[in-house]
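For the sequence shown, the working numbering begins at 163 and goes up steadily by one.
A virtual CB, placed ideally from N, CA and C, is assigned to each residue, including glycine.
A quick note: this is a predicted structure, and the numbers were derived from the prediction, not measured.
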Amino acid sequence: MSNEILMGYSHSNFQQIVGFKSNKTKKASPIPEELLTFDGRAHIITIAPTGAGKGIGTVQPNILNYEGPLITLDPKGEQVLTCKKAREKIGHKVVVLDPFQVTHFKSDHFNVMDIKHLSNFDADDDSFTLAHQLVGQSLTHDPFWDNHAKNLLGALINYHLTCKSPKDQHLGKIRGMLGKDLSYQCALILEKESKISNALRDALAGFLSLQDPKTQSSVEGTAVQAFSSLFSNRIENFLSKSTFDLRDIVDGKPVDIFIVFPPDKLKSHNRLLKLIFAVLFKAITSRTEIPSTRTLFILDECASLERFEYLENMLALARGYGLIIHTIWQDISQIKQHYGNGFLSILNNSLVWQFFGADKYNTAKEISDITGIGVAEILNLKDDEQLLIMGKKVHFPAKKLNYLTDAIFAGKASPNPFYKNFQH
Numbered sequence: 163m164s165n166e167i168l169m170g171y172s173h174s175n176f177q178q179i180v181g182f183k184s185n186k187t188k189k190a191s192p193i194p195e196e197l198l199t200f201d202g203r204a205h206i207i208t209i210a211p212t213g214a215g216k217g218i219g220t221v222q223p224n225i226l227n228y229e230g231p232l233i234t235l236d237p238k239g240e241q242v243l244t245c246k247k248a249r250e251k252i253g254h255k256v257v258v259l260d261p262f263q264v265t266h267f268k269s270d271h272f273n274v275m276d277i278k279h280l281s282n283f284d285a286d287d288d289s290f291t292l293a294h295q296l297v298g299q300s301l302t303h304d305p306f307w308d309n310h311a312k313n314l315l316g317a318l319i320n321y322h323l324t325c326k327s328p329k330d331q332h333l334g335k336i337r338g339m340l341g342k343d344l345s346y347q348c349a350l351i352l353e354k355e356s357k358i359s360n361a362l363r364d365a366l367a368g369f370l371s372l373q374d375p376k377t378q379s380s381v382e383g384t385a386v387q388a389f390s391s392l393f394s395n396r397i398e399n400f401l402s403k404s405t406f407d408l409r410d411i412v413d414g415k416p417v418d419i420f421i422v423f424p425p426d427k428l429k430s431h432n433r434l435l436k437l438i439f440a441v442l443f444k445a446i447t448s449r450t451e452i453p454s455t456r457t458l459f460i461l462d463e464c465a466s467l468e469r470f471e472y473l474e475n476m477l478a479l480a481r482g483y484g485l486i487i488h489t490i491w492q493d494i495s496q497i498k499q500h501y502g503n504g505f506l507s508i509l510n511n512s513l514v515w516q517f518f519g520a521d522k523y524n525t526a527k528e529i530s531d532i533t534g535i536g537v538a539e540i541l542n543l544k545d546d547e548q549l550l551i552m553g554k555k556v557h558f559p560a561k562k563l564n565y566l567t568d569a570i571f572a573g574k575a576s577p578n579p580f581y582k583n584f585q586h
């Protein structure tokens with residue numbers, strides 16, 4: 163294991179030797195493959211279609227190899243099934259956030275309101291941040307309702323974080339206030355809580371100032387809708403407490419977090435995912451010094467988050483906090499769809515570009531447009547080959563990693579039920 167990120171192998175099977183007296187290229191002896199690694203001083207982007215082997219060729223190899231702490235989105239539970247024992251073997255605590263119980267591991271719990279324990283916590287600002295992630299980009303066609311719902315939820319979160327006991331500081335309690343004569347509850351807070359912040363007081367007063375009961379009811383209904391993916395007992399239970407210390411992430415302790423989310427829940431519950439990621443990113447940015455080993459953050463199926471402003475900001479800032487972000491997409495069109503012209507910032511903030519599996523002209527053309535490599539050359543890549551750009555250095559073709567068959571991974575991974583016929 164190492165503190166470097168594995169990207170593949172050099173793939174120069176033969177040198178080209180050109181003699182002075184002849185323009186014919188002579189075939190030389192095979193050159194030994196060289197492991198291509200990256201020191202993690204910036205971010206990584208992988209673009210490859212479904213079924214091209216992103217897990218086998220880039221995700222699991224680095225989970226098995228990287229010595230530092232890591233956080234990873236695990237859409238099928240495949241990563242934790244194959245790598246948990248290997249991570250524990252090097253002395254890491256492994257946290258499995260599996261709210262839908264995809265794997266056989268007992269799920270840990272994560273109370274996102276543990277944000278209060280961070281050194282840079284501000285009740286007014288961070289309560290609104292949580293509310294913003296709950297409501298998302300838009301729950302309605304009119305921003306009036308969304309904005310008022312955010313203000314209302316931010317106020318209720320703020321109230322619980324500053325006025326309630328720790329056992330009541332979780333989202334289930336906020337959800338419990340909705341639909342239960344909320345106007346009266348807000349008025350009671352204003353009357354009894356003399357030490358609340360001006361921001362909290364103004365937000366509650368703003369809700370009460372909506373004198374039309376139908377308007378208040380509609381705002382409250384929009385706030386209830388923000389909890390639509392958090393209604394179930396298991397999700398509420400998952401968010402009710404934490405079984406790990408968020409400050410360990412801040413300190414860069416040997417703690418790994420596998421966030422197991424089944425593919426059929428990535429879209430329907432993406433606000434829950436964004437909420438989790440926002441708090442984890444907040445923890446990273448509360449660091450006052452960079453840990454000795456950087457935290458590797460692997461975001462598979464990144465498009466499932468749709469547009470996530472936090473991700474854009476973190477790609478621009480996270481290097482200064484000791485974070486390596488590895489985003490994984492199916493094609494460039496996905497990035498353009500959700501980020502528009504901002505897709506260039508996502509690319510430019512990633513020092514390492516990895517492409518493989520392109521088998522359609524349009525897909526290859528998009529890659530060609532940003533790399534200068536010919537479309538035909540990209541389409542001619544073999545199944546075990548890739549285009550790898552590491553800073554100013556281009557490796558084309560380079561050979562892909564394969565943790566199932568490569569000797570450097572022999573004996574490290576637990577059996578993968580998805581590939582039981584292709585393993586060492």
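Between Ile532 and chain D, is the shortest Cβ-Cβ distance under 8 Å, so that the two count as touching? Absent from the structure is chain D; it holds one protein chain and no more.
Output yes or no for whether 8 Å exceeds the beta carbon distance between Pro237 and Pro375. Translated into positions along the sequence shown, residue 237 becomes position 75. Translated into positions along the sequence shown, residue 375 becomes position 213. Going by C-beta atoms, Pro237 is not nearer than 8 Å to Pro375.
Three or more beta-carbon pairs under 8 Å between the region 302-310 and the region 274-290, yes or no? Judged by Cβ distances under 8 Å, the region 302-310 makes no contact with the region 274-290, as fewer than three pairs qualify.
By Cβ distance below 8 Å, which residues in the same chain neighbour Glu355 in space, the five residues on each side in sequence not counted? For the purposes of this step, residue 355 is taken as the residue at position 193 of the sequence shown. Once the five neighbours on either side are set aside, the close Cβ partners of Glu355 are Tyr321, Cys325.
In the DSSP assignment, the beta strand (DSSP E) including Pro424 goes from what residue to what residue? Position 262 of the sequence shown, counted from the first residue, corresponds to residue 424. Counting along the chain, Pro424 sits inside no beta strand (DSSP E), nor does DSSP assign it H or E at all.
Are there 16 or more other CB atoms within 10 angstroms of the CB of Phe393, so buried, or fewer, so exposed? Walking along the sequence shown from the start, residue 393 turns up at place 231. With fewer than 16 other Cβ atoms within 10 Å, it is exposed.
DSSP three-state assignment for Asn578, whether helix, strand or coil: The sequence position of residue 578 within the sequence shown is 416, counting from 1. DSSP places Asn578 in coil when its eight states are reduced to three.
Mark Ile570 as exposed unless 16 or more other C-beta atoms lie within 10 angstroms of its C-beta, in which case mark it buried. The sequence position of residue 570 within the sequence shown is 408, counting from 1. Exposed, because fewer than 16 other Cβ atoms sit within 10 Å of the Cβ of Ile570.
Thr533 versus Val417 - alpha carbon distance: In the sequence shown, residue 533 corresponds to position 371, counting from 1. In the sequence shown, residue 417 corresponds to position 255, counting from 1. Roughly 36 Å separates the two Cα atoms.
How close, in whole Å, do the beta carbons of Asn224 and Leu458 come, if the pair is a contact with beta carbons under 8 Å? The count along the sequence shown starts at 1 and reaches residue 224 at position 62. The count along the sequence shown starts at 1 and reaches residue 458 at position 296. 7 Å between Cβ atoms; contact.
Please report the residue range of the beta strand (DSSP E) in which Pro211 lies. Looking up residue 211 in the sequence shown gives position 49. Under the DSSP assignment, Pro211 falls outside any beta strand (DSSP E); it carries neither an H nor an E label.
So, His332 versus Asn273, is the Cβ gap smaller than 8 Å? In the sequence shown, the residue the question calls residue 332 occupies position 170. In the sequence shown, the residue the question calls residue 273 occupies position 111. It is a contact, given that the beta carbons lie within the stated cut-off.
Does the beta-carbon of Tyr346 have 16 or more other beta-carbons within 10 angstroms, so that it is buried, or is it exposed? The residue you call residue 346 lines up with position 184 of the sequence shown. Counting the other Cβ atoms within 10 Å of the Cβ of Tyr346 gives fewer than 16, which makes it exposed.
Going by DSSP in three states, Glu451 sits in which element: helix, strand or coil? Counting from one through the sequence shown, the residue named residue 451 turns up at place 289. In the structure shown, the three-state DSSP call for Glu451 is coil.
Could you tell me the alpha carbon to alpha carbon distance between Met552 and Tyr501, rounded to whole angstroms? Translated into positions along the sequence shown, residue 552 becomes position 390. Translated into positions along the sequence shown, residue 501 becomes position 339. In a straight line, the C-alpha of Met552 is about 23 Å away from that of Tyr501.
Three-way DSSP call (helix, strand, coil) for Lys555 in this model: Position 393 of the sequence shown, counted from the start, is the residue given in the question as residue 555. The three-state reading of DSSP puts Lys555 in strand, counting E and B together.
Cβ distance (whole Å) where His488 is taken to contact Leu461 below 8 Å: In the sequence shown, residue 488 corresponds to position 326, counting from 1. In the sequence shown, residue 461 corresponds to position 299, counting from 1. About 7 Å separates the beta carbon of His488 from that of Leu461, a gap short enough to meet the 8 Å contact definition.
Per-residue burial, Asp521 [other beta carbons within 10 Å of its own, 16 or more giving buried]: In the sequence shown, the residue the question calls residue 521 occupies position 359. Around the Cβ of Asp521, a 10 Å sphere holds fewer than 16 other Cβ atoms; the residue is exposed.
8 Å CB neighbourhood of Arg481 in its chain, flanking five on each side removed: Numbered from 1 along the sequence shown, position 319 holds the residue referred to as residue 481. So the qualifying residues of the chain are Arg203, Ala204, His205.
Which whole-angstrom value is the C-beta distance of Val556 and Phe420, which I expect to be below 8 Å? Walking along the sequence shown from the start, residue 556 turns up at place 394. Walking along the sequence shown from the start, residue 420 turns up at place 258. For Val556 against Phe420, the beta-carbon gap comes to about 33 Å, at or over 8 Å, which does not count as contact.
Near Asp343, which residues of its chain fall below 7 Å by C-beta distance, leaving aside the five closest residues on each side in sequence? Here residue 343 corresponds to residue number 181 of the sequence shown, with the count starting at 1. For Asp343, where only same-chain residues beyond five positions count, there are no Cβ hits under 7 Å.
In this structure, does DSSP put Gln347 in helix, strand or coil? If you number the sequence shown from 1, residue 347 lands on position 185. In the structure shown, the three-state DSSP call for Gln347 is helix.
Whose C-beta lies closer than 8 Å to the C-beta of Gly253 among residues of the same chain, with five residues either side of it excluded? Counting from 1 along the sequence shown, the entry for residue 253 is found at position 91. For Gly253, where only same-chain residues beyond five positions count, the Cβ hits under 8 Å are Pro416.
Which of the three DSSP states, helix, strand or coil, is assigned to Val607? Residue 607 lies beyond the range of the chain shown here (163 to 586); nothing can be said about it.
Report, in whole angstroms, the separation of the C-beta atoms of Ile207 and Ile508, which I expect to be a contact under 8 Å. The count along the sequence shown starts at 1 and reaches residue 207 at position 45. The count along the sequence shown starts at 1 and reaches residue 508 at position 346. Right, the Cβ-Cβ distance comes to about 7 Å (below 8 Å), so this counts as a contact.
How should Gly338 be labelled, buried or exposed, when 16 other C-beta atoms within 10 angstroms of its C-beta is the threshold for buried? For the purposes of this step, residue 338 is identified with residue 176 of the sequence shown, where counting begins at 1. Here Gly338 is exposed: its Cβ has fewer than 16 other Cβ atoms, across all protein chains shown, within 10 Å.
Suppose you measure from the CA of Glu463 to the CA of Lys357; what does that come to, to the nearest Å? Taking the sequence shown and counting its residues from 1, one reaches residue 463 at position 301. Taking the sequence shown and counting its residues from 1, one reaches residue 357 at position 195. Straight-line Cα distance between these residues: approximately 44 Å.
Report yes if the C-beta distance between Gln548 and Phe518 is below 8 Å; otherwise report no. Locating residue 548 in the sequence shown gives position 386, counting from the first residue. Locating residue 518 in the sequence shown gives position 356, counting from the first residue. Contact flag set, yes.
Can you have a look at Gly181 and say buried or exposed, based on whether 16 or more other CB atoms are within 10 angstroms of its CB? Counting from one through the sequence shown, the residue named residue 181 turns up at place 19. Because Gly181 carries a pLDDT of 32, less than 50, the predicted location of this residue cannot be relied on, and the following value inherits that uncertainty. Counting Cβ neighbours within 10 Å, Gly181 comes out exposed, since fewer than 16 surround it.
Work out the CA separation of Asp545 and Gly213 for me, nearest whole Å. Here residue 213 is taken as the residue at index 51 of the sequence shown, counted from 1. Here residue 545 is taken as the residue at index 383 of the sequence shown, counted from 1. One C-alpha to the other measures close to 11 Å.
Hey, how far is the Cα of Phe580 from the Cα of Thr450? Numbered from 1 along the sequence shown, position 418 holds the residue referred to as residue 580. Numbered from 1 along the sequence shown, position 288 holds the residue referred to as residue 450. One alpha carbon belongs to Phe580, the other to Thr450, and they sit about 42 Å apart.
Note down, in chain order, each residue of its chain lying with its Cβ closer than 6 Å to the Cβ of Gln496, except the 5 sequence neighbours on either side. For the purposes of this step, residue 496 is taken as residue 334 along the sequence shown, with counting starting at 1. These residues qualify, in order along the chain: Ala465.
For the candidate residues Gln241, Ile397, Thr525, whose alpha-carbon lies nearest to that of Phe262? Along the sequence shown, read from residue 1 onward, the residue named residue 262 stands at position 100. Cα-wise, what sits closest to Phe262 is Ile397.
Is Gly230 near Arg409, with beta carbons less than 8 Å apart? Walking along the sequence shown from the start, residue 230 turns up at place 68. Walking along the sequence shown from the start, residue 409 turns up at place 247. Arg409 sits away from Gly230, with the two beta carbons spaced by 8 Å or more.
How many Å lie between Glu528 and Leu437 at the Cα? The count along the sequence shown starts at 1 and reaches residue 528 at position 366. The count along the sequence shown starts at 1 and reaches residue 437 at position 275. In this structure, the CA atom of Glu528 is about 32 Å from the CA atom of Leu437.
Under the rule that 16 or more other beta-carbon atoms within 10 Å means buried, what is Pro559, buried or exposed? To locate residue 559, count along the sequence shown from 1; it is residue 397. Buried.
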